[in-house]
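J.:
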Amino acid sequence: MSDQELALESTGCLVSYSSCGHEDVAASKNIIDGSRGTFWATTGLYPHSFIITFPKTITLNSITIRSYCVRSMLIEKCSGDLSSGFETLQNLDILLTDLHHQVTKVDLDATTAKHLRFTIKNGFQEFCAIYKVEVSGKRS
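Set out below in structure tokens:
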């Protein structure tokens with residue numbers, strides 16, 4: 001069976017935590033709404049984080065992040081039902097792009113998770129945006 005896009009609100013995935021939202025914390029669901037035209041914007045003062053929770057444990061093979069003005073990010077996973085005890089998956093230093101989305105792909109060795117935490121450690125400007133997080137893998 002081929003990999004599926006798992007980080008979608010339509011499949012029961014949700015953003016269970018976000019540290020901020022430019023106008024409304026509910027805007028964080030834009031990260032998983034399936035549209036590349038919507039986004040979640042941070043406020044000033046880093047770090048900022050959000051947690052994506054899947055309905056069941058998944059096996060993930062890659063994560064693609066579409067962002068703007070993110071300088072560095074930490075990606076962590078948790079396999080338990082509660083979103084605690086996270087383990088580091090990847091520390092990213094992301095290059096600045098000229099008026100385009102930053103597209104950052106992280107390939108993983110088939111790891112399991114129920115929750116993914118993304119921490120934006122700093123940005124190139126006071127504000128940054130996450131347009132989409134795409135998680136490729138299989139439902140366990």
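Per the UniProt record's numbering, the sequence shown starts with residue 1, numbered consecutively.
For glycine and all other residues, C-beta sits at the position ideal for the given N, C-alpha and C.
Note that this is a predicted model, so its numbers are computed, not measured.
Answer with buried or exposed for ALA26, where buried requires no fewer than 16 other C-beta atoms within 10 angstroms of its C-beta.
T.: Position 26 of the sequence shown, counting from 1, holds the residue named residue 26. Burial call: exposed.
J.: Would LYS132 be called buried (16 or more neighbouring beta carbons within 10 Å of its own) or exposed?
T.: Stepping through the sequence shown from its first residue, residue 132 is reached at position 132. So LYS132 counts as buried.
J.: Would ILE32 and SER67 be called neighbours here (beta carbons separated by less than 8 Å)?
T.: On the sequence shown, residue 32 is found 32 positions in, with the first residue counted as 1. On the sequence shown, residue 67 is found 67 positions in, with the first residue counted as 1. Not a contact, by the Cβ cut-off of 8 Å.
J.: Just verifying my parser: in three-state terms, what is the DSSP assignment at SER10?
T.: Here residue 10 refers to the residue found at position 10 when the sequence shown is read from its first residue. It is helical.
J.: Going by alpha carbons, who is nearest to GLY34 out of LEU8, PHE54, LYS114?
T.: What you label residue 34 is simply residue 34 of the sequence shown in a count that begins at 1. Comparing Cα positions, the closest option is LEU8.
J.: To which residues of the same chain is ALA129 closer than 6 Å at the C-beta, ignoring the five residues directly before and after it?
T.: Along the sequence shown, one-based indexing puts residue 129 at 129. The answer, listed in chain order, is PHE39, ALA41, TYR68.
J.: So, are the CB atoms of HIS48 and LYS77 less than 8 Å apart?
T.: Counting from one through the sequence shown, the residue named residue 48 turns up at place 48. Counting from one through the sequence shown, the residue named residue 77 turns up at place 77. No, these two residues do not count as a Cβ contact at 8 Å.
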